[in-house]
Structure formats: structure tokens, C-alpha cells
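Shown next, in C-alpha cells, is the structure this report addresses.
Number of protein chains: 4
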Amino acid sequence: MTQAPILVVTTGGTIDKQYFDALSEYQIVESVIGKLLATARVAHPFRIVELLRKDSLDFTDEDRALIAATIAGAPESHVVITHGTDTMTETAAVLATVPGIEGKSVVMCGAMQPARFAETDAPFNLGMAFGCVQAAGPGIWITMSGTVFDALKVRKDRDAGKFVAR
Amino acid sequence: MTQAPILVVTTGGTIDKQYFDALSEYQIVESVIGKLLATARVAHPFRIVELLRKDSLDFTDEDRALIAATIAGAPESHVVITHGTDTMTETAAVLATVPGIEGKSVVMCGAMQPARFAETDAPFNLGMAFGCVQAAGPGIWITMSGTVFDALKVRKDRDAGKFVAR
Amino acid sequence: MTQAPILVVTTGGTIDKQYFDALSEYQIVESVIGKLLATARVAHPFRIVELLRKDSLDFTDEDRALIAATIAGAPESHVVITHGTDTMTETAAVLATVPGIEGKSVVMCGAMQPARFAETDAPFNLGMAFGCVQAAGPGIWITMSGTVFDALKVRKDRDAGKFVAR
Amino acid sequence: MTQAPILVVTTGGTIDKQYFDALSEYQIVESVIGKLLATARVAHPFRIVELLRKDSLDFTDEDRALIAATIAGAPESHVVITHGTDTMTETAAVLATVPGIEGKSVVMCGAMQPARFAETDAPFNLGMAFGCVQAAGPGIWITMSGTVFDALKVRKDRDAGKFVAR
């Protein structure tokens, strides 16, 4: 196993949603990913880049190009991306075509319930990503619903509230 | 990646500790692992075996033989073990010698803070184990402190409160 | 102090909001008040009536009449109401005019953050209401922002995110 | 109702217990009471004095004299004390005899489960104390198990895990 440092790229999504009483709505705010890793007592070397704070349904081509360029240009060969679940696979499809990424281990994850909830899948999913990125070889993976998926062979089943192989 | 079912063996340890006011002390009680997997919305097939409820400092040779036999005899080739952190590596050393385990992917994890705490490393570590067991090949691994370790090349640094490669 | 049983009327509001990934929005769902009281190990006799599940901005005159009739007609003389914060004082003004309520101790509370969040004011506010309803005499009180307010002499300062005397 | 400032005296007890893996035991550490009040968004004026960090079974006569002197000498007429549950009533009996306290409203509370647990009675009990201290007149009260008790007419039923009137 590698002790190689991990790049953590946060892009928003449900995992980082907060509730605002004054608006009676949620908004994506400063990322909780650093706090999750501290609570998990992660001693492994990592670097966090808070790149975007958006619902992934609002991602543009430029947003995806930015994510790809950030990963391709990073010195780290091991990358974890937190991402809204609705278009996670679309971003994965883009990343799979970018030169400079194909030799890296890239794992994407998100959450069905905000990390700020008492009952949330966020820390487990992030842990899966950390375990997968170190153990899997190069490729683009998604860790959701308890499974490590090939990111190009999975879809979100919105009604069932889970990711399933396709 | 495999969609093979995962055997989850719980043996006690800090991860399953509860506080009892009447005794003013902690005790290991019924496992919270099933609840953690439900909160994480795990849809991957798994089976839980609550094997032991002990502090790992109290493990006997018989306890370790029982764990080994349970894993060797199980139909699953992918196994996650929750275990007290103090003697996790000793159990790993035993498992490494048992015929019938060498072809399996076995990942051990625990927690430095009880899963029942608001701030705990339990769900992250369990997530790491789920990610690792699906992505790593056969072998015995430990997922603690944010790192996937070869279980035979790691030790717990009790003073630093983390696992380190050796 | 009285050991008289307490009627707990839930009407919705932020305190009972849940997040739905499939809708990317919050909705008010089955009340968590019973769970909060169980977690708080409340042994005091109480009865819960889940009366409404609405944002208090959507309350109609009929909704307020229903709340008033429920309290006026109840055998309990001590009442706790959970209520959205935006129109809590409007409901209080209605309750203050209803015959059959004036001899009772009525305490209203809610939350600025949903009870399902890891960091929420819900259990503290509900605890304040339980403490106040037993200790205060007849009247209508609001327990928010750490203060026991006369319900007719308080307003929500939406920008400041707290209740203030007026 | 009063907007008078509240003195919060912390003395240790289960409410402030933390788990230490290196010792495989709990210890009473820096108080979480300030954090609980911040999470509850308390805007009411208060002052915290972290007086002791002890299991109340270990309290000496000197400890109780210190608590009494702190309260008697304080400018605040409204006082909340967090205290271990095992000898809370013994401290109350001492406080009841001290000149300079008899005109004040004093409420004692604690917790059966540490505040650092995900499921704890701590914020509710502390909220009860805040509600009671503002609504009740002078006297010494205990807010546990969902009830406001006269502190001189209550006992802890250790086996049942709750406070009961006597």
C-alpha cells in the first residue's frame, strides 16, 4: 500500500449543505470535509482544495473543465473528489477523457444526507473513498451506497435513493 | 470491482463501548455496526456476525482461534473485522498463518472514540474498510488513522493515539 | 412544583424538518419530539399530540383555531407547543384571547436549526419549555434564545436570528 | 419574567466526561457547557465559572463549601449548577443552609449520559435549568428526568436511572 499524499477536491453538493432559517432553505456553504477528516483522526498526508460550492445540477462545462484541470495539474497521483450525487457520473465521464488523469487513482463520493445531520452517510462515504483511493489502482471510481463502483458503469437511482451498477 | 458479499465480524473494542451511569464506567455492549451501516445507506450485500464483545486486551488464544475459524469457514471471500485497537495487529498475525484465509481479502478496523460519541472516527474507519476490502486484493489490511496499512507492517502508537507504519 | 402531566402539541416548523435528496429540499415530516424526550430520559408524565406538520408561515386562521381548541379542551393544565418560529407570536396572540386557556401554563418553543442536525438548538429549547411550564404560573410563554419571554412581549429578529423582548 | 444575568457554575460529573483510549477509561475534562449554550444559540446574558472537574462521589466538604461561597458571593441572583448526579442532593442540602443563598434562584442539573455522546440528556437538562431558573422563584431546584424537583425532596434512583420525588 502507498503512503502517497491524497488530494481532496471539494465541489459542493448535498454533503456540504447547511440550513438557513432566515431563508427557510438550505445552501451550500464552507466545506465540512476538513472537519470530517479531523474527527476521523486522519494522520495520512492530504491537501484540501475547496474548488466549487455548487449543486451539481448547476455544473457547467467550465466547472467540469476546472475540476479536470485541477486534478491533471496536481502533483498528487491519488485524488478524492466530493461532489453532488445528481451529476457525479457526468463529471466522471469528462475526467475519463482528460490526458494527465488516466494514470491517477481518482475516487468520487458525496452524500444523500448533509454531513451536518446527526444521521448522515457522509463520513462513511468519505472513508470509503480514502480506503479505495489507496487500495485501487489507476482509474475513476465512485464510492456510494456501500459499494466501490467503476465510475463509468454506475448510475444514481433517484427514486430508490442509491447508486446501482449499470 | 467486485459486487461480492462482505462478511462483517464484530469482536468488541472501543468502537462498541457504551457508558453506564450506574457503574460510572464504560462497557462493551451490543454492536452498533449494523446501525452504522444503515445510517450509511449501505446497499451492498453483507452479513454481520457478532462474535465477541471484549476489550481486545482481554483476548485469549481461543478468542483468536474462533475469529480465524469463523473467517476461514465462511463462504465470503471479503471480510471486514471490527476489533479493539490495542491488539489488532496480534490478531492479524494469527490470521496470516491460517490456511483458508490466505486467499481472502480481510480488512480490520476499530475506533479511538466510541461510535456512540457525537465526534467519533468509527463511521469513517468502517467506510475505509468497506472501500479497501472491495478494492484491495487478497491479504490482511488495517484501515486506521486515514491509511490503508499492511496489517503485518503497522503498530499502534498509543501515546500519539494513531497507527503508524513500521 | 407540580408533577402534573404535560400536554405536548407539535405543529411542525423548522424543528421537524428533514432533508430529501430526491427533491433537493427540506420538508416537515413526522415529529422528532417524542424521540427528543426519550433521549432526554423524560420520566415526567406527558402526552404528545401531533396536530399539524406545517411551516408556520403557511398557518391559516383555521390552523390557529384548531391549536386553541385542542389546548382549551385538553384535561392538562400544563401545555408545551412546538411551533415554527416565524409566526409563533401570532399564534400566541390568538391563544391569549381564548376562554379556557387563560388559567393554563402554556409554553411555546421551536428551533432555528432542525432537530435532525448534529448541532441544533432543539433539545435545549424543548428542555427550557419543560422547565418553564412546570415553574411558571398560568400564562403564555416563549422559550427561545435562552430566555423565557412573555409571549405577548417578544418578537423574532429574523436578521439577528434570535428572539428579543419588545 | 426576568432578563437578569445567569451565573453558570460547572463542577464536573458525567455531563463533562470524555473517553480516553490510551487509558481505556473516561475522565472529566474541560467543560462542554459553554459549547452546549453556543449550540443552543443562547443570547441571554450569562457568565460561566468552571469551578471543579470531579466525579461528585469524590466531593469533599471543602468542595461543597467552595461551591456555596462562589454562589453566595456572586452578584447574580440566578444560578445554574452542573453537577454529578450521585451526590447532587447532598450539595443541595448544604446550599440550603448558607446565608446569602436563600434569596437566590438556584437550579442544579447534570446528565446520565456524557454530553459528548450522540444520544445524551445533557442539552435538554441544561435547557430545563435555564427555563426553571428564570421562571421559578427563590429556592434550590433540580431539573432531571424531565421534572422540576424541589432539591430537598428528591433522590436519585440509581437502579432505575432516574430522579424521583421523595
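If you read the sequences in order, they're chains A, B, C and D.
Here the numbering used here is used: position 87 in the first sequence is 89, and no number is missing along the way.
Here the numbering used here is used: position 69 in the second sequence is 71, and no number is missing along the way.
Here the numbering used here is used: position 57 in the third sequence is 59, and no number is missing along the way.
Here the numbering used here is used: position 153 in the fourth sequence is 155, and no number is missing along the way.
Backbone N, C-alpha and C fix where the C-beta goes; we use that ideal spot for every residue, glycine too.
Being a predicted model, the structure only gives us computed values, none of them experimental.
What distance in whole Å lies between the Cβ atoms of residue j and residue i, which are believed to be in contact at a cut-off of 8 Å?
i              : j              : result
I73 (chain C)  : I103 (chain C) : 6 Å
M117 (chain C) : V34 (chain C)  : The sequence as given places Ala at residue 117 (chain C); Met does not occur at that position. With a Cβ gap of about 5 Å, A117 (chain C) and V34 (chain C) count as contacting.
M130 (chain B) : G129 (chain A) : 4 Å
V10 (chain C)  : F48 (chain C)  : 6 Å
A94 (chain B)  : L39 (chain B)  : With a Cβ gap of about 22 Å, A94 (chain B) and L39 (chain B) do not count as contacting.
A70 (chain B)  : V100 (chain B) : 4 Å
A120 (chain B) : A120 (chain C) : 6 Å
A138 (chain B) : D161 (chain D) : Incorrect: roughly 49 Å between the Cβ atoms, too far for contact.
T13 (chain D)  : L54 (chain D)  : 4 Å
F132 (chain D) : G133 (chain C) : 7 Å
If you compare alpha carbons, which of the options is closest to residue i?
i              : options                           : result
A45 (chain C)  : D:F132, D:C134, D:M114 and D:V135 : D:M114
E78 (chain A)  : A:R160, A:P140 and A:F151         : A:P140
I144 (chain A) : B:Q136, B:T99, B:D88 and B:L97    : B:Q136
F165 (chain C) : D:I17, D:A42 and D:A24            : D:A42
D163 (chain B) : D:A6, D:V10 and D:F22             : Note on identity: in this sequence residue 163 (chain B) is Gly, with Asp being the wrong assignment. Ranking D:A6, D:V10 and D:F22 by Cα distance to G163 (chain B) puts D:F22 first.
N127 (chain C) : C:S107, C:V82, C:R168 and C:V96   : C:V82
S58 (chain A)  : A:A6, A:H85, A:F151 and A:Q20     : A:H85
L97 (chain C)  : C:D88, C:A67 and C:D123           : C:A67
E92 (chain A)  : A:D63, A:R55 and A:H80            : A:D63
A76 (chain A)  : A:I8, A:D159, A:V109 and A:R160   : A:I8
V169 (chain D) : D:M146, D:R168 and D:V150         : Residue 169 (chain D) lies beyond the range of chain D shown here (3 to 168); nothing can be said about it.
I87 (chain A)  : A:K106, A:H80 and A:K56           : It is Thr, not Ile, that sits at residue 87 (chain A) in the sequence shown. Answer by Cα proximity: A:K56.
H80 (chain D)  : D:T89, D:K106, D:K158 and D:D65   : D:K106
K37 (chain D)  : C:T122, C:V108, C:E27 and C:D159  : C:T122
K158 (chain B) : B:V150, B:V109, B:M90 and B:D18   : B:M90
Per DSSP, residue i forms a beta bridge with which residues?
i              : result
E27 (chain B)  : B:F22
V51 (chain A)  : A:V11
C134 (chain B) : Paired residues: none, contrary to the question.
A67 (chain A)  : Partner(s): none; A67 (chain A) has no beta bridge.
I110 (chain B) : Position check: residue 110 (chain B) holds Met in this sequence, whereas Ile was assumed. In DSSP, M110 (chain B) forms a bridge with B:I83 and B:I144.
R157 (chain A) : A:V166
D152 (chain C) : C:W143
K56 (chain B)  : B:G14
F119 (chain C) : A:F119
Please report whether the beta-carbon of residue i lies at a distance below 7 Å from any beta-carbon of chain C.
i             : result
R49 (chain A) : no
H46 (chain D) : yes
Is the Cβ of residue i closer than 7 Å to any Cβ of chain D?
i              : result
A239 (chain B) : Given that chain B is displayed from residue 3 to residue 168, the structure contains no residue 239 (chain B) and the question cannot be resolved.
V150 (chain C) : yes
A98 (chain C)  : no
E147 (chain C) : Note on identity: in this sequence residue 147 (chain C) is Ser, with Glu being the wrong assignment. It does; some Cβ of chain D falls within 7 Å.
K106 (chain C) : no
A94 (chain C)  : no
Taking only beta-carbon positions, decide if residue i is within less than 7 Å of chain B.
i              : result
R55 (chain D)  : no
R160 (chain D) : yes
G133 (chain A) : yes
A70 (chain A)  : no
A138 (chain A) : yes
Say whether chain E places a C-beta atom closer than 7 Å to the C-beta of residue i.
i              : result
C111 (chain A) : This model lacks chain E altogether; the protein chains it does include are A, B, C and D.
With 7 Å as the threshold, decide whether the Cβ of residue i is near any Cβ in chain A.
i              : result
M114 (chain C) : yes
A153 (chain B) : no
Closer than 9 Å between beta carbons: that is the criterion. Which residues of the stretch 116-131 of chain C meet it against chain A? Correct list: P116, A117, R118, F119, A120, E121 and T122.
**Asked** At a Cβ cut of 8 Å, what residues of the stretch 16-42 of chain B count as close to chain A, listed as they run along the chain?
**Response** For the stretch 16-42 of chain B, which is checked against every Cβ of chain A, the residues closer than 8 Å are L38, L39, T41 and A42.
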